[in-house]
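Below: the structure, in structure tokens.
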Amino acid sequence: MDKRTKVYLTNKQRGGEVNQRGNDYELTFACYRILQFVVRHSENLQRIIFSSQCQGFIDDLFIEVKVPGNEKDLFHQLKTSQVLNWGNGEGSLSYDFDQQGKMQKKRNKPYHTYLVVSNDGVYLHMRRRIPRKLRKYVSIEKFPWFGSLNAHCAYHLQFRQLAAQLCAFQDTDKLDALVKCIYACWGATDKKNIPLSQILNCVRGIGYAYLKSTLPMILRDRTAAILQAIPGFRFNITGGYFYWTFSNTDRGQSRYLVNSPEFRNIENEIIAENPATFNDLELIISSI
Amino acid sequence: MRKLTTYAQHSDQVRGLLEKLIDKSTDEQQYAASFYELGRELFAELLQKFTLRNSKVMLACSSEDADWLSKGILDKLNESHIDTKLAVFWNLRVNLNNDANLAIAPITKSYIEQTDKVDYLIICKSIISSSCVVRTNITYITETIDPAKIFVVSPVLFEKAIPNLKSEFPFKISSKFEFIYFAEDDEINESHEVIPGIGGSVYKRLGLEDSFKKNRYIPTIVKERRSTNFEANK
Chain L
11 MDKRTKVYLT NKQRGGEVNQ RGNDYELTFA CYRILQFVVR HSENLQRIIF
61 SSQCQGFIDD LFIEVKVPGN EKDLFHQLKT SQVLNWGNGE GSLSYDFDQQ
111 GKMQKKRNKP YHTYLVVSND GVYLHMRRRI PRKLRKYVSI EKFPWFGSLN
161 AHCAYHLQFR QLAAQLCAFQ DTDKLDALVK CIYACWGATD KKNIPLSQIL
211 NCVRGIGYAY LKSTLPMILR DRTAAILQAI PGFRFNITGG YFYWTFSNTD
261 RGQSRYLVNS PEFRNIENEI IAENPATFND LELIISSI
Chain U
186 MRKLTTYAQH SDQVRGLLEK LIDKSTDEQQ YAASFYELGR ELFAELLQKF
236 TLRNSKVMLA CSSEDADWLS KGILDKLNES HIDTKLAVFW NLRVNLNNDA
286 NLAIAPITKS YIEQTDKVDY LIICKSIISS SCVVRTNITY ITETIDPAKI
336 FVVSPVLFEK AIPNLKSEFP FKISSKFEFI YFAEDDEINE SHEVIPGIGG
386 SVYKRLGLED SFKKNRYIPT IVKERRSTNF EANK
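Chains as they are written, first to last, in my numbering: chain L, 11 to 298; chain U, 186 to 419.
Laid out in structure tokens, this is it:
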């Protein structure tokens, strides 16, 4: 391979990596907004509609809020660049935001637009230099990029706190499972007019999400009596899930809600086997 | 294409054990025994490079590795009179949407011996490919303990495993990683298995069936040590 071809290939690979990063960033940010809106509007999930790459000038993520008395359109443009400018004229960010604003004014519906950036310097620069005509309806938001969705879950405090509000358990592995389920469910749609209720139903259906339930749930009396008699074994119901500890070494939890058929089957097995020690019980609860 | 480390290149024993894993005619007992011996060899290499004398060590693994690879390391730690605590995790390993980039490995159950201090964490795994299980377990442990070094120990790694794993952690954690391994492979098949790797799915080769059914297996080293711990804490 000659020098020129090598340079071309390097640039092509770099371009691919940048595209991949941009794609991962968009999906991770969509997850973040999904978490925010599920926390804020848990009673109105069918009235929050997510779309991506919709028709418009600001098109990375579009959220239509149809909650009565709070209807609005929210547009997001995402940038992971290390250098960014508002620019002038067609094709510039300034032009795109201006055109989106003009379109929305004609629709006579409340709206807001967001420029979401990952870089600290870009964030400060774009805030300082925002054109006067855009100031009323454009916000600059910083959403850092931690390199992967896993890292966001573990180390992005705001992201983690949001996930923790929806997850029955606060361990990173459970938060990671919940967020990945949201990511997978959103990623599996065509991303056109998807109500949050559809995403949450999909997440529940996957069965590894540890999505917190607010419904009161209890074990059957007989199950509770058997478990209470086992030396060193403690248990409770956390966010709808069975959580247990044994001695100071063992702990675990079910991935099924206590009121689910799967967990009821486990209860049936506990009642039928009537374990007297943790060693006897462990085989039964290891499959949940 | 497989690349052997210098240690493996100079050891007939290690190369023979790696070949046994690949060989489909190796039965369950021989397969498990090979992992046990590889655990001993991996720890011998670790000791050639680092001194663990007078230190407190935590050895962490997944349940399916506990009685073989991990036991080999644990026996060598005991023979070296190193104060060791054991942590075993039952991970539920799933690729969401059948996409390896959407791998999760939530911990459904854990056995962790209590300690006030850990100088070195040794985390072992039969093979490290996507790093999902290892990443999950290191994250879990390092949220409560702060070891000076984290030894990631495995007979076989996929070629991108080291940079992939490092990229998942902030520098203050990834800078503690030391990788001890014997072979690096660069091929993956449609079932997301490294080729030649460890000769297929470790669950199936050990007779533990799949990612779900293997979680019903309670390792003997857990049963033995838990019993001692429980009696001591009574």
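From the three backbone atoms N, C-alpha and C, an ideal C-beta is built for every residue, glycine too.
task = Under 7 Å between beta-carbons, which chain U residues line up against Ala187/L? List them in chain order, please.
result = One-based indexing of the first sequence puts residue 187/L at position 177. Within 7 Å Cβ-Cβ: Ile289, Pro291.
Along the alpha helix (DSSP H) that carries Lys408/U, what are the first and last residues, could you check?
For this step, residue 408/U is matched to residue 223 along the second sequence. Per DSSP, Lys408/U belongs to the alpha helix (DSSP H) from 405-418.
Any heavy atom of the ligand GDP inside 7 Å of the beta-carbon of Gln109/L?
Looking for the ligand GDP in the displayed structure turns up nothing, as the structure carries no ligands at all.
Discussion item. For Glu230/U, which residues in the same chain have their Cβ closer than 6 Å to its Cβ, ignoring the five residues on either side in sequence?
Written reply: Here the question's residue 230/U lines up with position 45 in the second sequence. If we look at Glu230/U and ignore the five residues flanking it on each side, its Cβ neighbours are Tyr192, Ile365.
- Mind checking if Thr269/U is an interface residue toward chain L, Cβ cutoff 8 Å exclusive? Sequence index remark: in the second sequence, residue 269/U carries index 84 (1-based). No - not a single Cβ of chain L is within 8 Å of the one on Thr269/U.
Query raised in the report: For the segment 165-189 of chain L, which residues have a CB atom closer than 7 Å to at least one CB atom of chain U, in sequence order?
Result: Tyr165, Asp181, Thr182, Asp183, Lys184, Asp186, Ala187
Next item on the list: Report yes or no: do three or more beta-carbon pairs, one from the segment 96-108 of chain L and one from the segment 60-74 of chain L, lie closer than 8 Å?
Entry: yes
*asked:* Need the endpoints of the alpha helix (DSSP H) that Asn263/U sits in, please.
replied: Here residue 263/U is taken as the residue at index 78 of the second sequence, counted from 1. Unbroken alpha helix (DSSP H) run through Asn263/U: 256-264.
Classify Asp83/L as helix, strand or coil using the three-state DSSP reduction. Here the question's residue 83/L lines up with position 73 in the first sequence. Correct three-state label for Asp83/L: strand.
Worksheet item: How many angstroms separate the CA atom of Ser315/U from the CA atom of Phe343/U?
Response: Taking the first residue of the second sequence as 1, we reach residue 315/U at position 130. Taking the first residue of the second sequence as 1, we reach residue 343/U at position 158. In a straight line, the C-alpha of Ser315/U is about 8 Å away from that of Phe343/U.
Q.
Residues of chain U with CB closer than 9 Å to the CB of Gly65/L, please, in chain order.
A. The residue you call residue 65/L lines up with position 55 of the first sequence. Note that residue 65/L is Gln in the sequence shown, not Gly. Chain U residues near Gln65/L: none, gap ~27 Å exceeds 9 Å.
| For the beta strand (DSSP E) that contains Asp130/L, what are its first and last residues? | Indexing the first sequence from 1 puts residue 130/L at position 120. Where Asp130/L is concerned, there is no enclosing beta strand (DSSP E), although the alpha helix (DSSP H) it sits in stretches over 130-138.
Leu193/L, enclosing alpha helix (DSSP H) - first and last residue: One-based indexing of the first sequence puts residue 193/L at position 183. Contrary to the premise, residue 193/L reads as Tyr rather than Leu in this sequence. Residues 182-197.
- Task: Check each residue of the segment 190-205 of chain L: if its Cβ is closer than 8 Å to any Cβ of chain U, include it; give the result in chain order.
- Result: Lys190, Cys191, Tyr193, Ala194, Gly197, Ala198
Do Tyr325/U and Asp200/L have their C-beta atoms closer together than 8 Å? If you number the second sequence from 1, residue 325/U lands on position 140. If you number the first sequence from 1, residue 200/L lands on position 190. Result no, Cβ atoms of Tyr325/U and Asp200/L do not sit closer than 8 Å.
Note to self: For a cutoff of 8 Å on Cβ pairs, would you count Ser247/U as touching chain L?
What the structure shows: By one-based count along the second sequence, residue 247/U stands at place 62. Judged by the 8 Å Cβ criterion, Ser247/U is not in contact with chain L.
Problem - Rounded straight-line distance, which links the Cα of Ala346/U to that of Ile312/U - result: For the purposes of this step, residue 312/U is taken as residue 127 along the second sequence, with counting starting at 1. For the purposes of this step, residue 346/U is taken as residue 161 along the second sequence, with counting starting at 1. Taking the straight line joining both Cα atoms gives about 10 Å.
(message) Once DSSP output is grouped into helix, strand and coil, what is the label at His162/L?
(response) Taking the first sequence and counting its residues from 1, one reaches residue 162/L at position 152. Here His162/L sits in helix by DSSP.
- prompt: Is there a Cβ from chain L that is less than 8 Å from the Cβ of Ser255/U?
  reply: Residue 255/U sits at position 70 when you count from the first residue of the second sequence. No, because no Cβ of chain L sits closer than 8 Å to the Cβ of Ser255/U.
Chain L contact residues for Glu409/U, given Cβ-Cβ distances below 8 Å:
Numbered from its first residue, the second sequence carries residue 409/U at position 224. Residues of chain L passing the Cβ test: none, with the nearest at roughly 12 Å.
task = Starting from the C-beta of Arg187/U, find all residues in its chain whose C-beta is less than 6 Å away, skip the five residues before and the five after it, and write them out in chain order.
result = The residue labelled residue 187/U in the question sits at position 2 within the second sequence. Excluding positions up to five away in sequence, the list reads Ala368, Asp370.
Is Asn418/U close to chain L, meaning its C-beta is less than 8 Å from at least one C-beta of that chain?
Counted from its first residue, the second sequence places residue 418/U at position 233. It does; some Cβ of chain L falls within 8 Å.
Same chain, Cβ closer than 7 Å to Arg214/L, neighbours up to 5 away in sequence not counted: Locating residue 214/L in the first sequence gives position 204, where the first residue counts as 1. If we look at Arg214/L and ignore the five residues flanking it on each side, its Cβ neighbours are Leu221.
Name the chain U residues whose beta carbon is nearer than 8 Å to that of Ile216/L?
-> The residue you call residue 216/L lines up with position 206 of the first sequence. Ordered by position in chain U, the residues that pass the 8 Å Cβ test against Ile216/L are Leu281.
Step through the CB atoms of chain L and report whether any lies within less than 8 Å of the CB of Lys421/U. One cannot answer for residue 421/U here, as it falls past the ends of chain U, which runs 186 to 419.
### Query
Between Arg244/L and the rest of its own chain, which residues show a CB-CB distance below 6 Å, the 5 nearest in sequence each way excluded?
Here residue 244/L refers to the residue found at position 234 when the first sequence is read from its first residue. Here the set comprises Thr255.
Item checked: Met113/L in three-state terms, based on DSSP -> Here residue 113/L is taken as the residue at index 103 of the first sequence, counted from 1. Met113/L: helix per DSSP, three-state reduction.
Expressed to the nearest angstrom, what Euclidean distance is found between the alpha-carbon atoms of Ser270/L and Leu188/L?
Within the first sequence, numbered from 1, the residue matching residue 270/L stands at position 260. Within the first sequence, numbered from 1, the residue matching residue 188/L stands at position 178. Between Ser270/L and Leu188/L, the C-alpha separation is close to 18 Å.
*Using DSSP with H/G/I as helix, E/B as strand and the rest coil, what is Thr38/L?*
Position 28 of the first sequence holds residue 38/L. In the structure shown, Thr38/L sits in a helix (DSSP, three-state: H, G or I).
message = Contact criterion: CB-CB distance below 8 Å. Does Ser296/L meet it with respect to chain U?
response = The residue given as residue 296/L occupies position 286 in the first sequence. Yes, its Cβ sits closer than 8 Å to a Cβ of chain U.
Margin query: For the pair the segment 248-264 of chain L and the segment 196-204 of chain U, tell me if three or more CB-CB distances fall below 8 Å.
Written below: no
Query raised in the report: Looking at the structure shown, is Asn203/L part of a helix, part of a strand, or coil, going by DSSP?
Result: The count along the first sequence starts at 1 and reaches residue 203/L at position 193. Residue state, collapsed to three classes: coil.
query = Alpha carbon to alpha carbon, how far is Lys334/U from Asp186/L?
reply = Reading the second sequence from its first residue, position 149 is the one you call residue 334/U. Reading the first sequence from its first residue, position 176 is the one you call residue 186/L. Approximately 25 Å between the Cα atoms of the pair.
message: By the three-class DSSP mapping on this structure, what secondary structure does Lys152/L have?
response: As a first step, residue 152/L must be located in the first sequence, where it is residue number 142. In this structure, Lys152/L counts as strand in the three-state DSSP scheme.
- Query: In the segment 336-357 of chain U, which residues sit with their C-beta less than 8 Å from some C-beta in chain L, listed in chain order?
  - Reply: Ser352, Glu353, Phe354, Pro355
Exercise for the section: Output the distance between the C-alpha atoms of Lys209/U and Ala173/L, rounded to the nearest integer angstrom. Expected result: Along the second sequence, one-based indexing puts residue 209/U at 24. Along the first sequence, one-based indexing puts residue 173/L at 163. About 44 Å.
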